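Engineer: Chains as they are written, first to last, in the working numbering: chain A, 1 to 412; chain B, 413 to 824. Cβ coordinates follow ideal geometry from the N, Cα and C atoms, glycine included. Bear in mind that the values here come from a model prediction, so they are computed numbers and not experimental data.
Protein chains: 2
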Amino acid sequence: MKAEVVSTGTELLLGETLNTSTHYLTGKLSSLGIEVDYHTTVGDNPERLEQVLRQAIERSDLIVTTGGLGPTIDDLTKELVAKVLDLKMEIDSASLEQIKQFFGRRKAPMPSSNEKQAFFPTGSKILPNPIGTAPGALITKDNKTIVILPGPPFEMQPMFDNYVWPELEQVIGLHAERMNERVLKVFGMGESAIEKVLYDLMNLPNLTMALLAKRAEMHIRLVARSTEIMSGEANKALDQVEEEIRRRLGNKVFGRDQETMVSIVGRTLNNKNLTISTAESCTGGLLGAALTQEPGSSKFYLGGVVSYSNSLKQGLLGVSEKNLKAFGAVSEEVAKEMAFGIRSKTGSDLAISTTGIAGPDGGSDEKPVGLVYIGFATAKGVHAEKFQFYGERESVRQLTVQAALNGVRLIC
Amino acid sequence: MKAEVVSTGTELLLGETLNTSTHYLTGKLSSLGIEVDYHTTVGDNPERLEQVLRQAIERSDLIVTTGGLGPTIDDLTKELVAKVLDLKMEIDSASLEQIKQFFGRRKAPMPSSNEKQAFFPTGSKILPNPIGTAPGALITKDNKTIVILPGPPFEMQPMFDNYVWPELEQVIGLHAERMNERVLKVFGMGESAIEKVLYDLMNLPNLTMALLAKRAEMHIRLVARSTEIMSGEANKALDQVEEEIRRRLGNKVFGRDQETMVSIVGRTLNNKNLTISTAESCTGGLLGAALTQEPGSSKFYLGGVVSYSNSLKQGLLGVSEKNLKAFGAVSEEVAKEMAFGIRSKTGSDLAISTTGIAGPDGGSDEKPVGLVYIGFATAKGVHAEKFQFYGERESVRQLTVQAALNGVRLIC
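What follows is the structure, given as structure tokens:
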């Protein structure tokens, strides 16, 4: 089953409103195994909307529309769907009653323009809207299914979840092909390097692989299509490929699916009953913020120091003036002293430190923008790693956080 | 001039990635007065992408594409644009050199697959990409303009702003109607409260006003349409309305257009030669991270302590055990002690502290999730403010940061 999401609304075409509805619907349809081939957005313009609907119905099996169900004259989605499918518009008296009650609860008479919201293409299954005045509709004709939903996300989403999802599940059934998806997450290798290593795995039968570059990590997305009853087979195929990828990329693969670097580090620290503290310079607090992003982080994260100035590096962390003078704040020696210092102050099992040049200013030939030292202190001793990152200030900071967390992952 | 935004990328059609690029481009094109009639999204599928490009070029004057410029075999936007426009692909040696240098800086040889990124349809104006390896292109043929941009927003946005915007400004000229836009930013008032106060200003002739709720602030967007040569008039109208809004909302308006809470606080501290330090509990480092977001922050931000555990509140900040026991870590007394403590340790002019219940767990009837105390210490003394925020953990944390910065703004 191939689907298209059609959204209408002038606010979308003015850049005022971010199209989160299309994103929401696409995610839901994908997890049902429905292939979404197109998103189309068009304003409240009858000619263009009609043409878009005509094309969508021609090229897709399932069309989900959002928007254009309001009471005003430029809200025309239902009317144009009826026109394109050659259906009449009919009043649904139950819907009319509900709209009247909606206004009744607000002690206001129903404006006559709202009557329009109770009309639907003949043969529609009405989708109730407990939140607003615009019911939706589901229409099937000539093997095409059209789902008509309101625009506001807080009306659209519950309508989809409560009424459309169960219908689609039935339509799809056990014998339709669904997508069995898996995402492997990689740190410390670029897109081309991964492609080179996995090249021969990228075109396997019945399994697709795609590489997605995220800000501070790469995602390898594997998809195996199968029917619900054959999903065991598909999962076995995914297991095999995952195993092979992990064999080739080793510990560069840090997680899978919903796992994030932070969640993995947190889980590992929790499982091993380890505590951690941080001494941050160039990341300015981002590392602590990352470690405390998920609930329950107070179990392993004690806290730390943001020693943005050299005086705080000395005063709060005990970094020596000698090393600051001899090597500068961005140096292996200072990174080590910072990690050692915060571990001593907090008594944590592990400690991490960051010091670097986030840019855009402050770089030199010897110490360019993006140069970062990350220090690690444990009961066994102290060491620091040197990194050279590229990109804007915020990228350098995010990459530093990710590299620091990755270092913790590899130590534990 | 009628425009269409075409985005390609399988991740968009799987619901993995929210299409912020289309939103960004649409907003920019709209403010240039260019009418965006369609958004179309299609996956990395050559047949469908070709068909979408063909249709876009037929029905629109300006087509802006994002995505499909990567080094892998399924990245085909430039190649398909060339096919549809009946142009050859040619190598651009300057781009090739830059891509080689990109890898050179990383001490890695350029993979041969990246060579593809230096090929463009004949006659392209090349748009440099200082951040990644995918340059963009601008092509004009038969009165149609096609702008080809990379997918990742952090590469696409600066390319559009630096190279495409000036080109489009020239094409559009002085006599087209543009949108003169102004955004006023408000903290500490909700949508309905603002609407109530500004109701009579919302339907002025020649000027539209829209309220947009952001995560931790409200935006009031004012638009006056005029030609470039009449923009003086439009700006005068905007000035008048802005003045009236500021009169009614007072210091709830914290900034305008590109100004952010952080940039305003940083500028104020710099101008007044004041230094600041932070003591964070529930924000876990986010406040320091916000203060160090922009370059030059080391002039005013000394650093601070993330005292996530009570022992660090005592050990590093000198919070008294008595108050921790009597009032708990989330209390006015502890917030005050934290701010006082970090100011003493760092010798900064100002100090701010945060302590609260970010959730989702840890709340009680007496101290519900979202309860936050923010402490302020100056030479004149110490005080703390109580807030009750609502929303998810991340919202509570972001709102706390924003309220803390807003407090600094109002103190200075």
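Just the C-alpha distance for V453 of chain B and I63 of chain A, rounded to the nearest angstrom, thanks.
Structural biologist: Within the second sequence, residue 453 of chain B is the residue found at index 41, counting from 1. Within the first sequence, residue 63 of chain A is the residue found at index 63, counting from 1. Here the sequence assigns Thr to residue 453 of chain B, which means Val is not the residue at that position. Their backbone Cα atoms lie some 15 Å apart in a straight line.
Engineer: Please determine, among A:E177, A:G318, A:I276, the residue with the shortest C-alpha to C-alpha distance to G407 of chain A.
Structural biologist: Indexing the first sequence from 1 puts residue 407 of chain A at position 407. Minimum Cα distance to G407 of chain A is reached at A:I276.
Engineer: Return helix, strand or coil for S31 of chain A, following the three-state DSSP convention.
Structural biologist: Position 31 of the first sequence, counting from 1, holds the residue named residue 31 of chain A. Three-state DSSP puts S31 of chain A in a helix.
Engineer: Counting C-beta neighbours from all protein chains within 10 Å, is the total for F752 of chain B 16 or more, i.e. buried, or is it exposed?
Structural biologist: Position 340 of the second sequence, counted from the start, is the residue given in the question as residue 752 of chain B. It counts as buried.
Engineer: Taking its Cβ as the centre, do 16 or more other Cβ atoms sit within 10 Å of K648 of chain B, making it buried, or is it exposed?
Structural biologist: Taking the second sequence and counting its residues from 1, one reaches residue 648 of chain B at position 236. Label assigned to K648 of chain B: exposed.
Engineer: For L425 of chain B, which residues does DSSP report across the bridge?
Structural biologist: Against the second sequence, residue 425 of chain B aligns to sequence position 13. L425 of chain B is not bridged to any residue.
Engineer: Quick one: using the 10 Å Cβ neighbour count with 16 as the cut-off for buried, is N19 of chain A buried or exposed?
Structural biologist: The residue labelled residue 19 of chain A in the question sits at position 19 within the first sequence. Classification for N19 of chain A: buried.
Engineer: By Cβ distance below 7 Å, which residues in the same chain neighbour G775 of chain B in space, the five residues on each side in sequence not counted?
Structural biologist: The residue labelled residue 775 of chain B in the question sits at position 363 within the second sequence. Answer for G775 of chain B: I769, V781, listed in chain order.
Engineer: Report buried or exposed for Y199 of chain A, applying the criterion of at least 16 other Cβ atoms within 10 angstroms of its Cβ.
Structural biologist: Here residue 199 of chain A refers to the residue found at position 199 when the first sequence is read from its first residue. It counts as exposed.
Engineer: Output the residue ranges of the beta strand (DSSP E) runs that lie fully inside the stretch 624 to 701 of chain B and measure 3 residues or longer, sorted by chain position.
Structural biologist: List check, beta strand (DSSP E) in window: 630 to 639, 665 to 668, 688 to 692.
Engineer: Is E706 of chain B closer than 9 Å to G667 of chain B when the C-beta atoms are compared?
Structural biologist: Taking the second sequence and counting its residues from 1, the one referred to as residue 667 of chain B is at position 255. Taking the second sequence and counting its residues from 1, the one referred to as residue 706 of chain B is at position 294. No. Outside cutoff.
Engineer: Measure the beta-carbon distance from S419 of chain B to S442 of chain B and round it to whole angstroms, keeping in mind my assumption that it falls under 8 Å.
Structural biologist: The residue labelled residue 419 of chain B in the question sits at position 7 within the second sequence. The residue labelled residue 442 of chain B in the question sits at position 30 within the second sequence. The pair is not a contact, with the Cβ atoms about 17 Å apart (cut-off 8 Å).
Engineer: Could you spell out where the beta strand (DSSP E) holding G304 of chain A opens and where it closes?
Structural biologist: Looking up residue 304 of chain A in the first sequence gives position 304. Start and end: 301 to 307.
Engineer: When you compare the CB of V396 of chain A with every CB in chain B, is at least one pair closer than 9 Å?
Structural biologist: As a working note, residue 396 of chain A is residue 396 in the first sequence. Not one chain B Cβ lies under 9 Å of V396 of chain A.
Engineer: Following the continuous alpha helix (DSSP H) through Q388 of chain A, name the residue where it begins and the one where it ends.
Structural biologist: In the first sequence, counting from the first residue as 1, residue 388 of chain A sits at position 388. From DSSP, Q388 of chain A is part of no alpha helix (DSSP H) but of the beta strand (DSSP E) over 381 to 388.
Engineer: Nearest-angstrom Cα distance between E797 of chain B and A741 of chain B?
Structural biologist: Residue 797 of chain B sits at position 385 when you count from the first residue of the second sequence. Residue 741 of chain B sits at position 329 when you count from the first residue of the second sequence. Near 15 Å, if we compare the C-alpha coordinates of A741 of chain B and E797 of chain B.
Engineer: Look at the Cβ atom of E11 of chain A, then the Cβ atom of R633 of chain B, and state whether they are nearer than 9 Å.
Structural biologist: Here the question's residue 11 of chain A lines up with position 11 in the first sequence. Here the question's residue 633 of chain B lines up with position 221 in the second sequence. Going by C-beta atoms, E11 of chain A is not nearer than 9 Å to R633 of chain B.
Engineer: Between the C-alpha atoms of R247 of chain A and A289 of chain A, what's the straight-line distance to the nearest angstrom?
Structural biologist: Mapped onto the first sequence, residue 247 of chain A falls at position 247. Mapped onto the first sequence, residue 289 of chain A falls at position 289. Going by the C-alpha atoms only, they are around 33 Å apart.
Engineer: Among the residues of its own chain, which have a CB less than 8 Å from the CB of I754 of chain B, if the five just before and after it don't count?
Structural biologist: Within the second sequence, residue 754 of chain B is the residue found at index 342, counting from 1. Taken in chain order, the residues that qualify are S689, T690, A691, G716, V717, L729, S760, A763, S765, A789.
Engineer: Looking at chain A, is there any beta carbon in it that lies within less than 9 Å of the beta carbon of D554 of chain B?
Structural biologist: As a working note, residue 554 of chain B is residue 142 in the second sequence. So no, D554 of chain B is outside the interface.
Engineer: Go through its chain and collect everything with a Cβ distance to I823 of chain B's Cβ below 8 Å, but skip five positions before and after it.
Structural biologist: For this step, residue 823 of chain B is matched to residue 411 along the second sequence. Around I823 of chain B: L762, F788, T790.
Engineer: Is T680 of chain B close to the ligand GDP? I mean its beta-carbon at under 8 Å from any heavy atom of the ligand.
Structural biologist: Among the components modelled here there is no ligand, and therefore nothing to report on the ligand GDP.
Engineer: Less than 9 Å between the C-beta atoms of I511 of chain B and A494 of chain B, yes or no?
Structural biologist: As a working mapping, residue 511 of chain B is identified with position 99 in the second sequence. As a working mapping, residue 494 of chain B is identified with position 82 in the second sequence. It is not a contact, given that the beta carbons lie outside the stated cut-off.
Engineer: Per the DSSP calculation, G375 of chain A is bridged to which residue(s)?
Structural biologist: Indexing the first sequence from 1 puts residue 375 of chain A at position 375. According to DSSP, G375 of chain A bridges with A:S353, A:A384.
Engineer: Might you give, ordered along the chain, the residues of its own chain that have their beta carbon closer than 6 Å to the beta carbon of T65 of chain A, omitting 5 neighbours on each side?
Structural biologist: Counting from one through the first sequence, the residue named residue 65 of chain A turns up at place 65. Hits under 6 Å: V6, T77, I148.
Engineer: Can you tell me whether M388 of chain B is buried or exposed, with buried defined as 16 or more other CB within 10 angstroms of its CB?
Structural biologist: This structure cannot settle anything about residue 388 of chain B, because the visible part of chain B is limited to 413 through 824.
Engineer: What number of angstroms, rounded off, separates the C-alpha of L811 of chain B from the C-alpha of E90 of chain A?
Structural biologist: As a working mapping, residue 811 of chain B is identified with position 399 in the second sequence. As a working mapping, residue 90 of chain A is identified with position 90 in the first sequence. Rounded to whole angstroms, L811 of chain B to E90 of chain A spans 48 Å at the Cα level.
Engineer: With C-beta atoms as the reference, is V784 of chain B less than 9 Å away from T767 of chain B?
Structural biologist: The residue you call residue 784 of chain B lines up with position 372 of the second sequence. The residue you call residue 767 of chain B lines up with position 355 of the second sequence. The answer is yes: Cβ separation under 9 Å.
Engineer: Could you tell me the boundaries of the alpha helix (DSSP H) in which E749 of chain B lies?
Structural biologist: On the second sequence, position 337 is the one that residue 749 of chain B refers to. Note, E749 of chain B: alpha helix (DSSP H), 744 to 758.
Engineer: Checking 9 Å against the spacing of the C-beta atoms, do P533 of chain B and L499 of chain B come in under that value?
Structural biologist: The residue labelled residue 533 of chain B in the question sits at position 121 within the second sequence. The residue labelled residue 499 of chain B in the question sits at position 87 within the second sequence. Yes, the pair counts as a contact, with Cβ atoms nearer than the cut-off.
Engineer: Got a sec? Which residues, its chain only, sit under 8 Å from Y163 of chain A by beta carbon, not counting five neighbours each side?
Structural biologist: Sequence index remark: in the first sequence, residue 163 of chain A carries index 163 (1-based). Around Y163 of chain A: L127, P128, G136, L138.
Engineer: Using the Cβ count rule (16 or more neighbours within 10 Å means buried), how would you classify E243 of chain A?
Structural biologist: Locating residue 243 of chain A in the first sequence gives position 243, where the first residue counts as 1. It counts as exposed.
Engineer: Say whether the stretch 595 to 605 of chain B touches the stretch 447 to 464 of chain B, bearing in mind that this needs 3 or more beta-carbon pairs closer than 8 Å, one atom from each stretch.
Structural biologist: The stretch 595 to 605 of chain B vs the stretch 447 to 464 of chain B: no contact.
Engineer: So D361 of chain A contacts chain B; which residues on that side make the cut at Cβ distance below 9 Å?
Structural biologist: The count along the first sequence starts at 1 and reaches residue 361 of chain A at position 361. By Cβ distance, chain B contributes P707, G708.
Engineer: Counting only C-beta atoms, is H23 of chain A closer than 9 Å to chain B at any point?
Structural biologist: If you number the first sequence from 1, residue 23 of chain A lands on position 23. Yes, H23 of chain A lies at the interface with chain B (some Cβ there is under 9 Å from its Cβ).
Engineer: If M209 of chain A and L249 of chain A are in contact, beta carbons under 8 Å, what's the gap, nearest whole angstrom?
Structural biologist: Counting from one through the first sequence, the residue named residue 209 of chain A turns up at place 209. Counting from one through the first sequence, the residue named residue 249 of chain A turns up at place 249. Not confirmed; about 13 Å, so no contact.
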